[in-house]
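Heads up: the structure comes next, in structure tokens.
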Ligand SMILES: [Zn+2]
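Residue numbers (our numbering): 2 to 436.
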């Protein structure tokens, strides 16, 4: 048997089929203005940013390079772990411990001649607006909602109505097990990630009393070890979820508790999963979603077909949980979106709540999901997480009720969170006695 050729015999041959799309006018191109050679060149010169070089990122980089994008940047702060190798196919065992962005960039550059991939081994928050301004399209393959919200707020903020170049289409892919989604956001024009936040409700939290008194599932025992036993015994100064010694401690605590309540199923892997909130990753789902995202980037770059977001549907969901199902719909832009809208969002609260209850509620409200909120009312500061002096000064307010603090029905409050420094969330209080 002849050895299979990995590379195409010649470069032009590799692009034959792609060029049939890039260089010919299609039903959606403007026949008067269309010039095929210009379109191909435009894609090659376009600067595209891929955020994340993990499961989706590997697929995205490979697909974009094979779709004719030649100037790609990739940003990821992670290093390669041995558990990544089953699906993050640009990495080999010898790469364990190295930067994902750098290894992925080098691998694709070697396989696809003429493509330049610039790697950034850092957090997206370390880059400023000037950095993001240089790109024409941003594609996200992230597993964190917080990072998505950050880049979304940044791109929406960057829009300057008078500067066409300041509109950066954001293509976002996400997967969870057999489920996934692909969406396109035209900042300030179509519904943004913050408008769609309630599509990603936080996982239902287990009430503390269940953990403390009557655990029923192995996860309850692990959460008990994580939330209660750890705090009580403080075996190490601070919990490091990546430290096997710390996970082992939690695992053994959870196991003892599970024995006590005769609950089977506590394992080391489950402990790690619960504590780190690990979502199972399936290579094929990543590949379906990344392919959809790459096609949207290609369509936006070439105009060969309408992309998601034009004119209507902007959100494609895919589910392989029960057979195969996909559905594409229009998610509406919200006037009270804290990022792209300008109205305050209504917030139903009980006036008898303490400020602490209000502060805590922001973490679990699907439309807010703020872990460290600082709160201001129209005329005064109610609670500030930092700096320390202000935190101490405002801390006594936490035990006062909303009424005692002088808040009124329909009053507007401003909420900020260090995770989204540029955004001020505006809420309008709606008093309602809870039953
Ligand atoms: Zn929005």
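By construction, the Cβ of each residue, glycine as well, lies at the ideal position given by its N, Cα and C atoms. The structure presented is a predicted model; accordingly, all values stated were derived computationally and were not measured.
Counting only the same chain and skipping the five closest in sequence on each side, list residues whose C-beta sits under 6 Å from that of residue 6.
Legend: pLDDT at residue 6 = 48, less than 50; position of this residue unreliable, value from coordinates given subsequently. Same-chain partners within the cutoff: there are none.
Length-filtered (4 minimum) alpha helix (DSSP H) runs lying within the stretch 171-204
Every candidate alpha helix (DSSP H) stretch fails here, since none sits fully inside the stretch 171-204 while reaching 4 residues.
How would you label residue 373, buried or exposed, when you count the other beta carbons within 10 angstroms and need 16 or more for buried?
With fewer than 16 other beta carbons inside 10 angstroms of its own, residue 373 counts as exposed.
According to DSSP, is residue 37 part of a helix, a strand, or is it coil?
Judged by DSSP in its simplified three-state form, residue 37 adopts helix.
Please check the pair residue 315 and residue 185, which I expect to be a contact at CB under 8 Å, by giving their CB distance rounded to whole angstroms.
Contact flag correct, Cβ pair sits at about 6 Å.
Alpha carbons only, please: which of 83, 37 and 151 is nearest the one belonging to residue 26?
Ranking the options by Cα distance to residue 26, first place goes to 37.
Beta-carbon within less than 6 Å of residue 284's beta-carbon, same chain only, minus the 5 sequence neighbours each way: which residues are those?
Once the five neighbours on either side are set aside, the close Cβ partners of residue 284 are 88.
Is residue 61 helix, strand or coil when you go by DSSP?
Helix.
Just the Cα atoms here: how many angstroms apart are residue 17 and residue 67?
Note on geometry: alpha-carbon atoms of residue 17 and residue 67 lie some 12 Å from one another.
Considering residue 276, what are the terminal residues of the alpha helix (DSSP H) in which it resides?
From DSSP, the alpha helix (DSSP H) with residue 276 extends over 269-277.
Whole-Å CB distance - residue 446 paired with residue 296, under 8 Å assumed
In the structure displayed, the chain extends from 2 to 436; residue 446 sits before or after that span and is not available.
Mark residue 111 as exposed unless 16 or more other C-beta atoms lie within 10 angstroms of its C-beta, in which case mark it buried.
It is exposed - the Cβ of residue 111 has fewer than 16 other Cβ atoms within 10 Å.
With a CB to CB cut of under 6 Å and the five nearest residues on each side skipped, what residues in its chain are close to residue 275?
These residues qualify, in order along the chain: 220 and 223.
For the beta strand (DSSP E) containing residue 74, list its first residue and its last residue.
In the DSSP annotation of this structure, the continuous segment of the beta strand (DSSP E) that includes residue 74 starts and ends at 72-76.
Suppose only complete runs of 4+ residues qualify. What are the alpha helix (DSSP H) ranges in the stretch 67-149, listed by chain order?
Entirely contained in the stretch 67-149, the alpha helix (DSSP H) runs reaching 4 residues are, in chain order, 101-112 and 130-134.
Quick one: using the 10 Å Cβ neighbour count with 16 as the cut-off for buried, is residue 238 buried or exposed?
Classification for residue 238: exposed.
With C-beta atoms as the reference, is residue 1 less than 7 Å away from residue 251?
An answer regarding residue 1 cannot be provided, because it is not within the stretch 2 to 436 covered by the chain.
Considering only the alpha carbon of each residue, which of 401, 323, 51 and 298 lies closest to residue 178?
Ranking 401, 323, 51 and 298 by Cα distance to residue 178 puts 323 first.
Whole-number beta carbon distance between residue 51 and residue 142, since they are thought to touch under 8 Å
That belief holds up - the Cβ atoms of residue 142 and residue 51 are roughly 7 Å apart, short of 8 Å.
Please classify residue 379: is it buried, with 16 or more other beta-carbons within 10 angstroms of its beta-carbon, or exposed?
Per the 10 Å Cβ criterion, exposed.
Cα separation between residue 9 and residue 246?
Because the pLDDT of residue 9 is 48, which lies under 50, any placement of that residue in the model is unreliable, and the number read from its coordinates should be weighed accordingly. Each residue's Cα considered, the two are about 49 Å apart.
For residue 434, tell me which candidate among 410, 152, 91 and 399 has the shortest Cα-Cα distance.
Cα-wise, what sits closest to residue 434 is 410.
Would you be able to state if there are at least three C-beta pairs under 8 Å between the stretch 127-145 and the stretch 413-430?
These segments do not touch.
Looking only at DSSP bridge pairs, what is residue 385 linked to?
DSSP lists no partner for residue 385.
For ligand 1, is there any heavy atom lying closer than 6 Å to the beta carbon of residue 224?
The closest heavy atom of ligand 1 lies 6 Å or more from the beta carbon of residue 224.
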